[in-house]
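Residue numbers (the numbering used here), protein chains in the order written: chain A, 63 to 594; chain B, 2 to 288.
Everything below concerns the one structure shown next.
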Amino acid sequence: MQFLREFCGTLLLALILMFLVVTADFVLRLPASFTASAQDDTTTSTTAYLTIVNSGEADTLVSLSAAGTAEISIFQSTGAHAQEGILLNRHVRVEFAPGGAYFQLNDVSEPLYDGDVLNITLSFASGRSVTVPFDVLAAPPTERINFITLEDFQFTNAWVYSTGSAAALQSSAYEWHLPAGFPLPPVPADNPMTAEKVELGRYLFYDPRLSGNGTASCSSCHLQALAFTDGLALPLGSTGEIHPRNAMTLTNSAYSATLTWANPNLLVLERQIPIPMFGEFPIELGITGHEDEVLDRLRQDPLYQILFRAAYPDQTDAFTFANITRALASFTRTLISGNSAYDRYTQGDTTALSESAQRGMTLFFSEGLECHHCHTGFNFTLSTVTAHSTFQDRPFFNTGLYNLDGAGAYPSNNTGIFEITGNPEDMGRFRPPTLRNIALTAPYMHDGSMATLAEVIQFYADGGRIITDGEFAGDGTVNPYKSGLVSGFILTAQETADLIAFLESLTDEEFVTNPALSDPFAANAGVAVDGG
Amino acid sequence: MRNRKLRILAVVMFLILSVGIVSAHDEAEPVTIRFAAMVGDLPAACGITYSGLGTEASQVSLNDFRFYISNVRLIDADGQETAVELTQDGLWQYENVALLDFEDGTAGCGEAGNPEMNSRIIGEVHEGDYVGIAFDLGVPFELNHLDTTTAPAPLNVPAMWWNWQFGYKFVRIDMLIADSELPAWFIHLGSTGCEAADSSTAPEEPCSNANVVAVQLDNFDATQNFIIADLSELLAQVNLTENSPEPPGCMSLPEDPDCGGLFTGFGLALDTGTMLEDQAQHFFQVR
Numbered sequence: 063m064q065f066l067r068e069f070c071g072t073l074l075l076a077l078i079l080m081f082l083v084v085t086a087d088f089v090l091r092l093p094a095s096f097t098a099s100a101q102d103d104t105t106t107s108t109t110a111y112l113t114i115v116n117s118g119e120a121d122t123l124v125s126l127s128a129a130g131t132a133e134i135s136i137f138q139s140t141g142a143h144a145q146e147g148i149l150l151n152r153h154v155r156v157e158f159a160p161g162g163a164y165f166q167l168n169d170v171s172e173p174l175y176d177g178d179v180l181n182i183t184l185s186f187a188s189g190r191s192v193t194v195p196f197d198v199l200a201a202p203p204t205e206r207i208n209f210i211t212l213e214d215f216q217f218t219n220a221w222v223y224s225t226g227s228a229a230a231l232q233s234s235a236y237e238w239h240l241p242a243g244f245p246l247p248p249v250p251a252d253n254p255m256t257a258e259k260v261e262l263g264r265y266l267f268y269d270p271r272l273s274g275n276g277t278a279s280c281s282s283c284h285l286q287a288l289a290f291t292d293g294l295a296l297p298l299g300s301t302g303e304i305h306p307r308n309a310m311t312l313t314n315s316a317y318s319a320t321l322t323w324a325n326p327n328l329l330v331l332e333r334q335i336p337i338p339m340f341g342e343f344p345i346e347l348g349i350t351g352h353e354d355e356v357l358d359r360l361r362q363d364p365l366y367q368i369l370f371r372a373a374y375p376d377q378t379d380a381f382t383f384a385n386i387t388r389a390l391a392s393f394t395r396t397l398i399s400g401n402s403a404y405d406r407y408t409q410g411d412t413t414a415l416s417e418s419a420q421r422g423m424t425l426f427f428s429e430g431l432e433c434h435h436c437h438t439g440f441n442f443t444l445s446t447v448t449a450h451s452t453f454q455d456r457p458f459f460n461t462g463l464y465n466l467d468g469a470g471a472y473p474s475n476n477t478g479i480f481e482i483t484g485n486p487e488d489m490g491r492f493r494p495p496t497l498r499n500i501a502l503t504a505p506y507m508h509d510g511s512m513a514t515l516a517e518v519i520q521f522y523a524d525g526g527r528i529i530t531d532g533e534f535a536g537d538g539t540v541n542p543y544k545s546g547l548v549s550g551f552i553l554t555a556q557e558t559a560d561l562i563a564f565l566e567s568l569t570d571e572e573f574v575t576n577p578a579l580s581d582p583f584a585a586n587a588g589v590a591v592d593g594g
Numbered sequence: 002m003r004n005r006k007l008r009i010l011a012v013v014m015f016l017i018l019s020v021g022i023v024s025a026h027d028e029a030e031p032v033t034i035r036f037a038a039m040v041g042d043l044p045a046a047c048g049i050t051y052s053g054l055g056t057e058a059s060q061v062s063l064n065d066f067r068f069y070i071s072n073v074r075l076i077d078a079d080g081q082e083t084a085v086e087l088t089q090d091g092l093w094q095y096e097n098v099a100l101l102d103f104e105d106g107t108a109g110c111g112e113a114g115n116p117e118m119n120s121r122i123i124g125e126v127h128e129g130d131y132v133g134i135a136f137d138l139g140v141p142f143e144l145n146h147l148d149t150t151t152a153p154a155p156l157n158v159p160a161m162w163w164n165w166q167f168g169y170k171f172v173r174i175d176m177l178i179a180d181s182e183l184p185a186w187f188i189h190l191g192s193t194g195c196e197a198a199d200s201s202t203a204p205e206e207p208c209s210n211a212n213v214v215a216v217q218l219d220n221f222d223a224t225q226n227f228i229i230a231d232l233s234e235l236l237a238q239v240n241l242t243e244n245s246p247e248p249p250g251c252m253s254l255p256e257d258p259d260c261g262g263l264f265t266g267f268g269l270a271l272d273t274g275t276m277l278e279d280q281a282q283h284f285f286q287v288r
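Here is the structure:
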């Protein structure tokens, strides 16, 4: 039976192929996935499309060429490489379009951006040739574009699509210098890393001109010396509003499965970064209503003229918030920390950890304490995604910090992912943060309500927090939504000290002093930078 | 000219495909082995409360239900075992290990779960008349101490991993027991007694207590039967109302009082991590 089924399948495939043969003069519109599988979709690919109407005699399109491309290959709608060109019979219309036949641009040397025009010269067996302007577009044109004629030929809808846009085509692709044992972080295809974007992002990160009133920058709440936190329970926005949640460390946020404390839908930095820029509840950088003003401030600075042009070389006006976001995301992805005493110890330097820290490590990974269930792996958090990830793991846990009504309620401005999902069991569930550099990022918890690591360890030993009076009174240890992993344990004073010694060994001094991650304006104190 | 070329190409492709299928058919045939997770007569699912589990007929809800299977063999009437070559699908199966995943990341499974699920293993096996199946519940030592952050799927699930020293959780079934002082009850089966310098180092020698469950099931026909992983059978000897902390439930530690009845369900000797006897496990059955 099985054989018969497969035989029929094969026969069907053969029939489809036969059908293609007899109808090859009219291009079949196959599903996009058909040609996608024939192309290499793991790297940047640049493809060109065109419609040709031949109202004269037959001719063969032999080759295509363009400045800045090594070679342009012609592919038929079957996915076959038409090495000898493609025959255009008399009186036919041939469409090169997504899902059908296409031209592949190999080794494109210059980055291509939406809105660019690429001139491609088409050569025919008859000896004729024509240069057609191809629009670089992010999506197929919705109306007819680029009408060009050559004797009996008409050319329309000439356009170029590049996956990952300027992507790997950039001459100065960013070189990762990852700590030992660290996998590559995921990078969105539409914002590939380049050294120029990282550098622009670093300036923007530290620049208060990137706020509505010019008083605050990203670095106002994310200080390098404090592993990119601010040392406050709750941070202050540019206009003085208090944010309800503690400023998170940016340590290894390139690997964060979700971003911010509690949002299962926020998966990439490019989506998160606009929140502090434009958010109004609360106001952080407060750019909303000051968009043009902020862009003008940057545009007027000769330094940014250079940095934006370097980061986005083919755009006539690169001063856009989309470009600012891409640059900030690129810089944030470089905030990678993996050179702590603990790392040196695991790489063989047995002197890197004190006896106390080694005992603390054993406790940390023990089944008695359960720390490692939520703070696991190279990044000390279950909420980790890498370039190798295949499953959508987005963990959030209720740790029993509150229980206002005995039914599990958290303070109304801090309900965890319940705020997003509305599911009752999501009440009080927050993302487990990385523990790298944890000794530098006090105070702790999503609302900064614990001052020290000792206090945090006691809270987990108690299996939750009991608040006896005030507006937040309640027994968090019996919060019905509390994770079963927060079930309490007993430690001696020495064991608590050992555990703290281990957590302190996760501090990466190089990370918090690395000049490449530091304030470029401070480093360039002698260089004139126009304040705008 | 071009038309003839394409015709020839089509015929050649047809021949290649046909020959490929015929020759493959001579040696191996595809096989799908279907699993189902059950709690007695009910399908196991996140967010459902089940009653009558364990020696005290406890009420239980599920927060996780995943396990690794490896070394799958089909058995013929003479008792001869033939290995199933797992399809290397880049997601659920790697080498001879497969992840079966019955949680969908909803309700209580949202803590550490994900939306993806898998209830079957696929592969190829030499043609034959098979009447039984055998497999291991667990990850073989050679693959058990990888770094989950760089390991290939399905060995890249952080929630199914302890650390370098102890490797993967072969089974992760997280439960909440109603009306219990310590409601969380974890079944985390994995190797223990893994000698390494510390928890961040992989052991060089196999662990003293492998805790790999050798499963053998008779009267199994892959085209007709399911393999049922029945939580109520697994827990038959467990008193879920007694739960000693550090950790709640059983995380495979030989000294944990919560592990005794559970290991009986797995057919494992708690002190050695080996099978009590052949076909001693009560978790899996054919239906």
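We treat Cβ as the ideally placed atom computed from N, Cα and C, and that holds for glycine.
Since the structure is predicted, the reported quantities are computational estimates derived from the model, not experimental observations.
Backbone CA spacing between residue i and residue j [nearest angstrom]
| i | j | result |
| --- | --- | --- |
| Gly-653(A) | Asp-257(B) | The structure shown has nothing for residue 653(A), since chain A only spans 63 to 594. |
| Leu-212(A) | Leu-149(A) | 16 Å |
| Pro-246(B) | Gly-546(A) | 11 Å |
| Leu-579(A) | Glu-572(A) | 10 Å |
| Ile-482(A) | Pro-326(A) | 8 Å |
| Thr-408(A) | Asp-137(B) | 32 Å |
| Arg-395(A) | Trp-221(A) | 33 Å |
| Thr-202(B) | Trp-163(B) | 12 Å |
| Leu-82(A) | Ser-139(A) | Confidence at Leu-82(A) is low in this model, with a pLDDT of 42, below 50, so its placement is unreliable and the value that follows should be read with caution. Between Leu-82(A) and Ser-139(A), the C-alpha separation is close to 9 Å. |
| Phe-221(B) | Val-85(B) | 14 Å |
| Glu-261(A) | Pro-473(A) | 40 Å |
| Asn-244(B) | Thr-412(A) | 38 Å |
| Pro-270(A) | Gly-276(A) | 5 Å |
| Tyr-317(A) | Ser-71(B) | 30 Å |
| Glu-119(A) | Val-154(A) | 10 Å |
| Ala-235(A) | Leu-328(A) | 26 Å |
| Phe-492(A) | Cys-436(A) | 11 Å |
| Thr-539(A) | Glu-182(B) | 11 Å |
| Glu-135(A) | Ala-187(A) | According to the sequence provided, residue 135(A) is Ser. The question's Glu does not apply to it. Approximately 16 Å between the Cα atoms of the pair. |
| Tyr-43(A) | Phe-215(A) | The first residue shown for chain A is 63 and the last is 594, placing residue 43(A) beyond what the model contains. |
| Asp-197(A) | Thr-320(A) | 36 Å |
Beta strand (DSSP E) segment containing residue i, residue limits
| i | result |
| --- | --- |
| Glu-133(A) | 131 to 137 |
| Gly-53(B) | 50 to 54 |
| Ile-228(B) | 227 to 231 |
Helix, strand or coil at residue i [DSSP, three-state]
| i | result |
| --- | --- |
| Val-356(A) | helix |
| Ser-125(A) | strand |
| Glu-125(B) | strand |
| His-143(A) | strand |
| Val-518(A) | helix |
| Arg-307(A) | coil |
| Gln-409(A) | coil |
| Arg-91(A) | Its pLDDT being 33, under 50, Arg-91(A) is placed unreliably in this model, and the value from its coordinates should be taken loosely. DSSP places Arg-91(A) in coil when its eight states are reduced to three. |
| Leu-231(A) | With a pLDDT of 37 at Leu-231(A), under the threshold of 50, the modelled position of that residue is not reliable, and the figure given next carries that caveat. DSSP places Leu-231(A) in helix when its eight states are reduced to three. |
| Cys-251(B) | strand |
| Met-161(B) | helix |
| Ala-316(A) | helix |
Residue i, enclosing alpha helix (DSSP H) - first and last residue
| i | result |
| --- | --- |
| Met-339(A) | 336 to 340 |
| Phe-165(A) | No alpha helix (DSSP H) holds Phe-165(A); the beta strand (DSSP E) holding it covers 164 to 170. |
| Pro-364(A) | 364 to 373 |
| Arg-395(A) | 383 to 395 |
Whole-angstrom C-beta distance between residue j and residue i, which should lie under 8 Å
| i | j | result |
| --- | --- | --- |
| Leu-133(B) | Gln-238(B) | For clarity, residue 133(B) is Gly in the given sequence; the question names Leu instead. Contact flag wrong, Cβ pair sits at about 25 Å. |
| Leu-312(A) | Ile-386(A) | Not confirmed; about 17 Å, so no contact. |
| Leu-397(A) | Tyr-404(A) | In fact, because the Cβ distance is near 18 Å, the residues do not count as touching under 8 Å. |
| Tyr-95(B) | Tyr-169(B) | Incorrect: roughly 12 Å between the Cβ atoms, too far for contact. |
| Ala-289(A) | Leu-502(A) | 4 Å |
| Cys-283(A) | Pro-297(A) | 4 Å |
(message) Which complete beta strand (DSSP E) runs does the segment 165 to 198 of chain B hold, if anything under 3 residues is left out?
(response) DSSP runs (the beta strand (DSSP E)) wholly in the segment 165 to 198 of chain B: 172 to 178 and 185 to 190.
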